[in-house]
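Enquirer: My questions all concern the structure below.
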Amino acid sequence: MIHREGQFAGHGGLRLYWQAWLPEAETRAALLVAHGYGEHGGRYGNLVERFVPRGFAVYALDHRGHGRSEGPRGHVGRFTELVADLHALRVRVEEMERGRPLFLLGHSLGGLIAVGYLLTHASGLAGAVLSSPALALAERPPRPLRWLARGLSIVAPRTSLRGNVRPELLSRDSAVGAAYVTDPLVHRRATARFFTEFERAARDAEERAPEIRLPVLVLQAGDDRLVQAAAAERFAARLGSEVKELRVYSGLFHEIFNETERERVFADLERWMEARLAAAAAAGDELRRPASSAIARRSS
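Using this note's numbering, the first residue of the sequence shown is number 120, and each one after it goes up by one.
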């Protein structure tokens, strides 16, 4: 496995960190990862170890205000900045991969970013995967705190507030939460503006789901205590995609790629991506349009 890393200028000139894990042998397709709130692209080692040996190049950026990237921790001026940053990396990935199929994978906050991306830049992607997408929080902040954040977003948008991610709810594997707590690149801060922009993006995602036509796979933790599983199910049902599938994993916590039973999640992800690659090859690189647009829903 080959590891590469670098920086690029994101929206507004911020220096953003990216890294890639590449197969030693021929690359068959690429996977662009958008990570979740407070974390960074380096936490996807299980995904990398599973798919790089199978011919998938994995690319990940650290969002602005996260990980090794510049910017105040947990802050955005506009949610669209995160989408623009992702697109800037995609352009570079496509230059490096020279026409190979490209999948987008977004986890949690990254899932919401991926939805925003699909509404503006879906053309040319082989498909998108949403892992426990943050379309609605499992526990909505108390009303006074929401009012405070909305007011501060106007008068003092960079006011930093404590996030509510509880490490023990990430995975049933206690080692995952322990590593999260000691990871120097992880933070649990969010600014007032970040909160209001998150609210706006989540509303937009729900309202505009029918506009998304790209093949989409939604992988949702069944026992998610951080985001609402029901919101992912509603979103999947409203998608305009003719190729769409929802998988709900009973008993699994939020970070399904870091769960003790992650192999069945990876098996479903691999099956779906292989099916998309086969369909593209059979149609001469144009994804085949299925006869039915009914959503396939399975529980595991």
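Quick reminder that beta carbons are idealized off the backbone N, C-alpha and C, glycines included.
Going along the chain, which residues of its own chain have a beta-carbon closer than 8 Å to the beta-carbon of Gly132, five neighbours each way excluded?
Expert: By 1-based counting over the sequence shown, the position of residue 132 is 13. Excluding sequence neighbours, Gly132 sits near nothing in its chain.
Enquirer: Can you tell me whether DSSP reads Ile121 as helix, strand or coil?
Expert: Here residue 121 refers to the residue found at position 2 when the sequence shown is read from its first residue. DSSP places Ile121 in strand when its eight states are reduced to three.
Enquirer: Okay, do the stretch 242-253 and the stretch 384-395 touch, 3+ Cβ pairs below 8 Å being the bar?
Expert: They touch, by the three-pair rule.
Enquirer: Going by the beta-carbon positions, is the gap between Leu371 and Ala355 smaller than 8 Å?
Expert: Position 252 of the sequence shown, counted from the first residue, corresponds to residue 371. Position 236 of the sequence shown, counted from the first residue, corresponds to residue 355. No, Cβ-Cβ distance for Leu371 and Ala355 is not below 8 Å.
Enquirer: Could you work out which residue in Asp342, Val274, Ala328 is closest to Lys363 when comparing CA atoms only?
Expert: Taking the sequence shown and counting its residues from 1, one reaches residue 363 at position 244. For Lys363, the nearest C-alpha among the options comes from Ala328.
Enquirer: Please give me, in chain order, every unbroken run of the alpha helix (DSSP H) with length at least 4 that falls completely inside the stretch 283-366.
Expert: Listed in chain order, they are 293-301, 311-327, 348-357.
Enquirer: Identify whether Tyr236 lies in helix, strand or coil by the three-state DSSP scheme.
Expert: Here the question's residue 236 lines up with position 117 in the sequence shown. Here Tyr236 sits in helix by DSSP.
Enquirer: For Ala149, which of Gly164, Val177, Arg269 has the nearest alpha-carbon?
Expert: Locating residue 149 in the sequence shown gives position 30, counting from the first residue. Of the listed residues, the one whose Cα sits closest to Ala149 is Val177.
Enquirer: Would you grab the beta carbon distance between Ala321 and His373 for me? Rounded to a whole angstrom, and I think it's under 8 Å.
Expert: Against the sequence shown, residue 321 aligns to sequence position 202. Against the sequence shown, residue 373 aligns to sequence position 254. With a Cβ gap of about 16 Å, Ala321 and His373 do not count as contacting.
Enquirer: Taking the beta carbon of Val195 as the centre, do at least 16 other beta carbons fall within 10 Å, making it buried, or is it exposed?
Expert: Position 76 of the sequence shown, counted from the start, is the residue given in the question as residue 195. Per the 10 Å Cβ criterion, buried.
Enquirer: Do Gln138 and Ala179 have their beta-carbon atoms positioned less than 8 Å apart in this structure?
Expert: To locate residue 179, count along the sequence shown from 1; it is residue 60. To locate residue 138, count along the sequence shown from 1; it is residue 19. Yes, Cβ-Cβ distance for Ala179 and Gln138 is below 8 Å.
Enquirer: The beta strand (DSSP E) with Arg281 in it runs from where to where?
Expert: Along the sequence shown, read from residue 1 onward, the residue named residue 281 stands at position 162. Where Arg281 is concerned, the enclosing beta strand (DSSP E) stretches over 279-281.
Enquirer: Give me the Cα-Cα distance between Asp422 and Leu223, rounded to the nearest whole angstrom.
Expert: Outside the shown range of the chain, which is 120 to 419, sits residue 422, and nothing can be said about it.
Enquirer: What span of residues does the beta strand (DSSP E) with Arg134 cover, start to end?
Expert: Walking along the sequence shown from the start, residue 134 turns up at place 15. Its beta strand (DSSP E) spans residues 134-141.
Enquirer: Report all residues from its chain with a CB closer than 7 Å to the CB of Ala128; omit the five preceding and five following residues, and keep chain order.
Expert: Residue numbering aside, residue 128 sits at position 9 when the sequence shown is read from its first letter. Around Ala128: Arg134.
Enquirer: Counting along the chain, where does the beta strand (DSSP E) carrying His206 start and finish?
Expert: Within the sequence shown, residue 206 is the residue found at index 87, counting from 1. First-last for His206: 199-216, but that is the alpha helix (DSSP H), not the beta strand (DSSP E).
Enquirer: Tell me which same chain residues have a C-beta within less than 8 Å of the C-beta of Met120, skipping the five on either side of it?
Expert: Mapped onto the sequence shown, residue 120 falls at position 1. The residues are Trp140, Leu141, Pro142, Glu143, Val167, Val171, Pro172.
Enquirer: With distances taken from CA atoms, which of Leu151, Gly125, Gly155, Thr146 is nearest His420?
Expert: Here the chain comprises residues numbered 120 to 419, so residue 420 is not present and cannot be evaluated.
Enquirer: Around the Cβ of Pro261, are there at least 16 other Cβ atoms within 10 angstroms (buried) or fewer (exposed)?
Expert: Stepping through the sequence shown from its first residue, residue 261 is reached at position 142. Its Cβ having fewer than 16 others within 10 Å, Pro261 is exposed.
Enquirer: Can you tell me which residues form a DSSP beta bridge with Phe376?
Expert: By 1-based counting over the sequence shown, the position of residue 376 is 257. In the DSSP output, where bridge partners are listed per residue, Phe376 has none listed.
Enquirer: Arg332: which of Leu358, His159, Asn377 sits nearest, CA to CA?
Expert: As a first step, residue 332 is located in the sequence shown; it is residue number 213 there, counting from the start. Ranking the options by Cα distance to Arg332, first place goes to Leu358.
Enquirer: Can you find the residues in the same chain that come closer than 7 Å, C-beta to C-beta, to Leu238, ignoring five residues on each side of it along the sequence?
Expert: Here residue 238 is taken as the residue at index 119 of the sequence shown, counted from 1. Cβ neighbours of Leu238 beyond the five flanking positions: Arg327, Glu330, Ile331.
Enquirer: Any heavy atom of the ligand NAD closer than 7 Å to the CB of Val177?
Expert: What this structure holds is no ligand at all, so the ligand NAD is not there to describe.
Enquirer: Buried or exposed, going by whether 16 or more other CB atoms sit within 10 Å of the CB of Glu378?
Expert: Numbered from its first residue, the sequence shown carries residue 378 at position 259. Result: buried.
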